[in-house]
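Residue numbers (the UniProt record's numbering), protein chains in the order written: chain Z, 1 to 193; chain W, 1 to 193. Even for Gly, the Cβ is constructed at its ideal location relative to N, Cα and C.
There are 2 protein chains.
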Amino acid sequence: MNKKMNLEDQLEHVKHRVSEQIAENMKSYGYPATIGRVIAAIYYAGRALDLDELAEHTGMSKTRMSQVLREMTSYNIAEKEFVKGSRKDHYTVEEDYYQTFITLFTANWREVTIRNKKIEQKITEELAEIYENEQATPEIKAEVEILMEDSKASIRYFNWIEQIVELFDSQDIFKYVPKDPIDEKKKAYRFKN
Amino acid sequence: MNKKMNLEDQLEHVKHRVSEQIAENMKSYGYPATIGRVIAAIYYAGRALDLDELAEHTGMSKTRMSQVLREMTSYNIAEKEFVKGSRKDHYTVEEDYYQTFITLFTANWREVTIRNKKIEQKITEELAEIYENEQATPEIKAEVEILMEDSKASIRYFNWIEQIVELFDSQDIFKYVPKDPIDEKKKAYRFKN
DNA sequence: CCCGATATACACTTTAAATTGTACAAACTT
DNA sequence: AAGTTTGTACAATTTAAAGTGTATATCGGG
């Protein structure tokens with residue numbers, strides 16, 4: 001630790017570290033790190049920021065900010081906020097950690113289930129076609145039946161995933177794994193600013 | 001769909017599609033797609049495979065197989081199985097979808113909590129140091145206090161994540177979101193082969 | 001103790017994802 | 001209507017991740 005740093009710089013250093021930490025966590029969620037930097041920037045600013053300000057704070061191009069904020073709004077972890085007298089789009093972000101987890105987790109897995117159910121649909125059709133082909137030998141038919149079973153098992157699994165998603169999305173998860181009581185309280189005045 | 005394909009080829013085509021589907025899903029879990037191809041290869045083979053066989057089935061290099069299987073064993077979704085009369089390492093994989101989800105989910109989030117708790121530790125120390133510096137003005141101290149609160153909130157959140165991990169790892173999740181009854185039954189004779 | 005077989009270390013190549021810069025369209029100002 | 005300001009499309013570049021090939025250490029069998 002550089003002892004010559006003044007206290008303001010040390011504070012900035014801490015904030016930067018937190019920002020990188022959130023960025024890294026976004027990667028673990030399966031999303032671009034830049035999302036984390038944007039969240040940190042807006043959080044520390046304490047107000048909605050526009051694309052130029054975000055580019056400034058993150059040290060990235062405005063183009064990238066545009067891309068990332070679009071992605072974030074699509075997941076509902078950022079939203080535009082009207083600012084009087086300004087033509088620029090200003091963005092706020094979800095600041096509740098629990099909610100961000102839930103939102104990103106569910107967005108990811110919803111996508112997965114939709115994709116997989118579509119594929120299973122196609123596979124089922126393809127298998128039925130093979131099965132009904134008059135050239136199908138008993139051996140072939142037996143193998144088709146196994147693959148059909150696999151497909152059904154896969155669908156059952158994705159139904160379970162859907163229910164998991166629903167468990168989080170509905171907030172019911174907190175019934176089984178409660179938030180820390182302190183955070184429970186905070187919710188009450190979260191929108192005071 | 002190419003009508004000239006014979007039925008065996010059509011079956012292979014379905015299997016290949018499933019393999020790619022699992023591969024794609026691994027990416028959504030945040031792991032390399034190749035893991036999915038390895039799982040599919042071993043599943044369809046119906047027995048433990050060695051690195052050369054896996055390279056053959058996946059069309060990839062043996063080196064890559066070595067890397068991926070090491071990664072998989074580290075997550076406990078693959079394990080070596082002794083095969084009499086062979087010097088090669090043979091691998092089996094976890095075939096239960098639910099369990100694979102749980103294993104990969106918990107591996108990922110455990111890593112995240114460990115990493116973040118370490119960082120919060122450092123940040124707390126750094127903030128304490130700033131706070132106790134005799135040059136710290138009241139404004140600085142006030143800001144440190146806010147950052148300290150943030151840090152504590154972060155730790156509370158990661159404690160919650162740890163509990164979520166435990167919920168899955170302990171299989172308690174199935175109490176709240178049960179498996180499909182059919183899969184529940186299957187468990188009983190899963191190890192018959 | 002040497003030989004062939006195996007897995008992997010390591011440096012390199014390829015592929016995919018993140019990021020940028022330029023150009024332009026839409027909306028606003030005068 | 002000409003001139004700004006803003007956001008973003010699109011192609012190009014950079015960076016990071018996945019994958020390969022050669023070289024080598026390790027092990028078991030003769």
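- With a beta-carbon spacing of about 20 Å, Z:Leu49 and Z:Tyr97 fall beyond the 8 Å limit used to define contacts.
- In its chain, beyond the 5 residues on either side, Ile35, Val38, Ala78, Tyr91, Val93 have a beta carbon closer than 8 Å to the beta carbon of W:Met72.
- Here Z:Ala23 carries a helix assignment [DSSP, helix/strand/coil].
- Take the alpha-carbon of Z:Ala45 and the one of Z:Ser19: they are about 12 Å apart.
- The beta carbon of W:Arg17 falls within 9 Å of a beta carbon belonging to chain Z, placing the residue at that interface.
- Sorting W:Gln21, W:Met5, W:Met26 by C-alpha distance to the C-alpha of Z:Asp150 places W:Gln21 at the top.
- For a cut-off of 8 Å, the C-beta gap from Z:Ser154 to Z:Glu120 is around 6 Å, short enough to register as a contact.
- In this model, Z:Ile182 and Z:Lys175 are separated by some 16 Å (Cα to Cα).
- The C-beta separation of W:Ile161 from W:Thr113 comes to about 5 Å, placing the pair in contact by the 8 Å criterion.
- Going by beta carbons, Z:Leu11 and W:Ile123 fall outside the 9 Å limit.
- In the DSSP assignment, W:Ala78 falls within the unbroken beta strand (DSSP E) covering 78-81.
- For Z:Met26, the CB contacts under 6 Å within the same chain, skipping 5 residues up- and downstream, are Ala33, Ile35, Gly36 in chain order.
- The beta-carbon of W:His13 is placed less than 9 Å from the nearest beta-carbon of chain Z.
- Under the DSSP assignment, W:Tyr176 falls in the alpha helix (DSSP H) whose first and last residues are 173-176.
- Taking CB atoms only, Z:Asn76 has no neighbour in chain W less than 9 Å away.
- Taken through DSSP and simplified to helix, strand or coil, Z:Thr137 comes out as coil.
- Closest in alpha carbon position to W:Gly30, among Z:Met60, Z:Trp109, Z:Glu132, Z:Ala40, is Z:Trp109.
- Restricting attention to beta strand (DSSP E) runs no shorter than 3 residues, the stretch 73-157 of chain W encloses them at 78-81, 90-93, ordered along the chain.
- Bounds of the alpha helix (DSSP H) holding Z:Arg37 are 33-45.
- For W:Ile130, a Cβ of chain Z is located within less than 9 Å of the residue's own Cβ.
- Rounded to the nearest whole angstrom, the CA to CA distance from Z:Thr63 to Z:Asp52 is 10 Å.
- Under DSSP, W:Leu11 shares a beta bridge with no residue.
- For W:Arg156, the neighbours in chain Z by C-beta distance under 9 Å run, in chain order, Tyr97, Lys179, Asp180, Ile182, Asp183.
- A straight-line Cα-Cα distance of about 22 Å links W:His57 and W:Gly85.
- W:Leu167 and W:Val144 do not touch by the CB rule: their CB atoms are close to 35 Å apart, not below 8 Å.
- With fewer than 16 other Cβ atoms from the protein chains shown falling within 10 Å of its own Cβ, Z:Asn76 counts as exposed.
- In the three-state reduction of the DSSP assignment, W:Asp183 falls in the helix class, which pools H, G and I.
- Annotation for W:Ala136: Ile130 place their beta carbon closer than 7 Å to its own, counting only its chain and skipping 5 residues before and after.
- Taking 9 Å as the Cβ-Cβ cut-off, the stretch 118-144 of chain W approaches chain Z at Ile119, Glu120, Lys122, Ile123, Glu126, Leu127, Glu129, Ile130, Asn133, Gln135, Ala136, Thr137, Ile140, Glu143, Val144, given in chain order.
- Here Z:Ile164 is buried, its C-beta having at least 16 other C-beta atoms within 10 Å.
- Taking 9 Å as the threshold, the shortest C-beta distance from Z:Gly36 to chain W does not fall below it.
- Flagged as an interface residue toward chain W: Z:Gln10, by a C-beta distance shorter than 9 Å.
- Interface criterion not met: the Cβ of Z:Phe82 is under 9 Å from no Cβ in chain W.
- The criterion of a C-beta distance shorter than 9 Å is not satisfied by Z:Leu54 and W:Lys15.
- Where W:Ala48 is concerned, there is no enclosing alpha helix (DSSP H), because DSSP gives it neither an H nor an E.
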